[in-house]
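Report on the structure given below.
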Ligand code: UDP
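Printed below as a string of structure tokens:
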């Protein structure tokens with residue numbers, strides 16, 4: 001057993017077991033390792049198996065073997081569950097029933113327990129994991145919540161009780177263009193349609209609403225909050241967060257932050273995948289053969305789905321726009337597609353001439369490719385940040401949760417793209433693609449380039465995220481260490 005005066009910082013990181021949160025928590029883990037903080041990364045067996053199958057993540061992290069290890073727990077879902085967006089409540093239930101008891105045992109009497117060789121000193125958990133408050137208290141360690149959605153989206157989640165109390169939720173009628181008044185700092189910016197998708201329910205007992213209200217009660221009980229953003233992007237929202245917690249760490253964009261600091265250490269700025277689908281790299285050689293800024297990259301991320309009708313509308317819109325396109329169609333992401341589906345001739349022809357379709361792409365690399373001129377995105381927060389860093393304007397077609405807020409911010413606040421929310425009619429897709437790729441290309445590119453510059457500066461020496469990461473590291477090493485017995 002370690003002597004009290006030998007206790008060293010040891011963080012347990014537990015992401016929501018989905019592609020986006022796993023991606024950015026792995027980056028945070030690596031940054032902590034670079035600062036000699038020991039990290040145990042808790043994945044579900046499902047995620048870990050897929051990382052093992054499609055990436056070299058386990059081998060890669062062996063380079064930190066003195067301070068990094070993976071642990072796994074089951075997620076409680078059958079292997080054939082698609083784990084798409086609609087399954088998130090079932091996933092949370094499965095974790096509660098199966099993973100949480102195992103975690104509790106692991107950190108109390110088990111291999112990470114107080115009597116173990118290297119007891120935990122801090123837990124960093126996804127903000128939706130309300131159980132983490134009880135576990136951290138039980139073992140007497142610090143809890144930091146890391147909500148990997150956008151802070152602007154998170155802030156609307158947090159204001160849910162206020163919206164309900166003020167009578168703004170549930171909506172009184174079907175007019176989605178009514179301006180929202182009770183989200184401080186967002187007055188005049190967001191309309192009903194820009195609130196997270198779950199706010200459209202008439203029933204406040206809805207499962208997601210109840211989960212978010214529970215999260216809102218637990219978030220302030222953590223000692224600090226970590227966000228994947230940077231001050232220059234979201235200063236007003238981050239200022240509001242200080243009302244929830246005195247310890248706010250804005251350390252993003254994490255993928256660039258990790259790359260930058262690793263580059264300083266090793267001189268190599270390498271791309272590294274933590275994809276839980278197999279990346280099809282043929283799209284990179286296809287991009288190599290396209291003219292500069294000529295391609296719209298299209299992806300709805302790892303959880304969203306679309307109907308066959310929506311697929312056809314977007315497809316017609318893209319082909320009619322005359323733009324080249326690279327389209328990720330994740331297996332299982334189109335509902336109702338069967339063997340009888342016949343591709344209309346004009347679409348197969350247009351795709352043959354100007355398109356490329358893959359199951360899954362190395363997205364960061366795609367977005368940094370000089371042939372890509374815009375991104376038709378579902379506005380997931382990781383995708384949004386990845387696009388911002390590469391200075392690529394966006395056409396947003398949000399699916400759910402924080403994405404409705406993100407897309408509004410892209411158009412209305414940051415002005416680096418267009419929000420196509422609530423429609424994907426072919427004529428609208430065509431119009432928006434033409435605007436971003438052609439008619440208003442110069443103004444979007446200029447703004448996007450400026451924002452990309454700010455993002456990169458924030459993670460460079462002396463930048464806002466760089467400083468917040470240093471503060472987080474110092475706090476984990478000193479302020480958040482458990483009190484030592486005399
Ligand atoms: N992604 C990828 N290849 C693809 C599509 C997506 O690597 O073909 C990655 C993308 O880079 C991002 C993550 O998947 O890091 C998706 O996270 P996001 O928060 O954007 O959306 P979500 O999938 O959670 O809805």
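Residue numbers (the numbering used here): 1 to 486.
All residues carry an ideal CB built from backbone N, CA and C; glycine is no exception.
Since we're looking at a predicted model, the values are computed, not measured.
For residue 228, verify whether its CB is less than 7 Å away from any heavy atom of the ligand UDP. For residue 228, the shortest separation between its Cβ and any heavy atom of the ligand UDP does not lie below 7 Å.
For residue 68 and residue 39, which I take to be in contact (beta-carbon distance under 8 Å), what is that distance rounded to the nearest angstrom? 5 Å
Are residue 410 and residue 419 touching if we call contact CB-CB under 8 Å? yes
Is any heavy atom of the ligand UDP found at a distance shorter than 7 Å from the C-beta of residue 257? no
Three-pair Cβ contact test at 8 Å for the region 295 to 308 versus the region 325 to 338: yes
Cβ-Cβ distance between residue 160 and residue 213 below 8 Å: Yes, they are a contact pair.
May I have the straight-line CA-CA distance separating residue 285 from residue 365, to the nearest angstrom? 12 Å
Would the C-beta of residue 355 count as close to the ligand UDP, meaning under 7 Å from any of its heavy atoms? no
Quick one: does the C-beta of residue 448 sit closer than 7 Å to a heavy atom of the ligand UDP? no
Residue 42 and residue 103 look like a contact to me (Cβ under 8 Å); what is the Cβ gap, rounded to whole Å? 7 Å
Among 361, 375, 133, which one has its Cα closest to the Cα of residue 272? Per the Cα distances, 361.
Do residue 11 and residue 476 have their C-beta atoms closer together than 8 Å? yes
Give the single residue among 436, 122, 480, 27 whose Cα lies nearest to the Cα of residue 228. 27
DSSP on residue 35, reduced to helix/strand/coil? coil
First through last residue of the alpha helix (DSSP H) which encompasses residue 433: Per DSSP, residue 433 belongs to the alpha helix (DSSP H) from 426 to 434.
Mind reading off the beta-carbon distance from residue 122 to residue 142? Whole number of angstroms is fine, and I expect it under 8 Å. 5 Å
Can you find at least 3 beta carbon pairs, one from the region 251 to 266 and one from the region 160 to 179, that sit closer than 8 Å? no
Using the DSSP secondary-structure output, state which residues sit across from residue 250 in a beta bridge. 227
Looking only at its chain, what residues have a beta carbon closer than 6 Å to the beta carbon of residue 323, apart from the 5 residues adjacent to it on each side? 296, 433, 437
Sub-8 Å separation of residue 386 and residue 363 beta-carbons: yes
Does the beta-carbon of residue 252, which I'm using as the reference point, lie nearer than 7 Å to any heavy atom of the ligand UDP? no
Is it right to say residue 1 is buried, meaning 16 or more other beta carbons lie within 10 angstroms of its own, or is it exposed? Unreliable positioning characterises residue 1 in this predicted model, as indicated by a pLDDT of 47, which lies under 50. A coordinate reading is not provided.
Nearest CA to the CA of residue 408: which residue from 426, 425, 377? 377
What's the C-alpha gap between residue 274 and residue 14? 16 Å
Buried or exposed: residue 20, going by 16 or more other Cβ atoms within 10 Å of its Cβ? buried
Here's the rule I'm using: 16 or more other beta-carbon atoms within 10 Å means buried, otherwise exposed. How should residue 131 be labelled? buried
Applying the criterion that 16 or more other CB atoms from any shown protein chain within 10 Å of the CB defines a buried residue, is residue 137 buried or exposed? Around the C-beta of residue 137, fewer than 16 other C-beta atoms lie within 10 Å, and the residue is accordingly described as exposed.
Helix, strand or coil for residue 319, going by three-state DSSP, please let me know. helix
Paired residues, beta bridge with residue 124 - DSSP: Bridge partners of residue 124: 13, 144.
Host alpha helix (DSSP H) of residue 186 (start-end): Looking at the DSSP string, residue 186 is not in any alpha helix (DSSP H), and its letter there is neither H nor E.
Looking only at its chain, what residues have a beta carbon closer than 7 Å to the beta carbon of residue 240, apart from the 5 residues adjacent to it on each side? 155, 184, 185
With burial defined as no fewer than 16 other Cβ atoms inside 10 Å of the residue's Cβ, what is the status of residue 30: buried or exposed? buried
Between residue 473 and the rest of its own chain, which residues show a CB-CB distance below 6 Å, the 5 nearest in sequence each way excluded? In chain order, 35 place their CB closer than 6 Å to the CB of residue 473, counting only its own chain and leaving out the 5 sequence neighbours on each side.
Can you give the Cα-Cα distance for residue 452 and residue 84, rounded to whole angstroms? 30 Å
Measuring alpha carbon to alpha carbon, tell me which residue in 233, 265, 216 is nearest residue 243. Of the candidates 233, 265, 216, the one whose C-alpha sits nearest the C-alpha of residue 243 is 216.
Considering only residues of the region 295 to 359, which uninterrupted alpha helix (DSSP H) runs meet the minimum length of 4 residues and lie entirely inside it, listed in chain order? 308 to 321, 345 to 354
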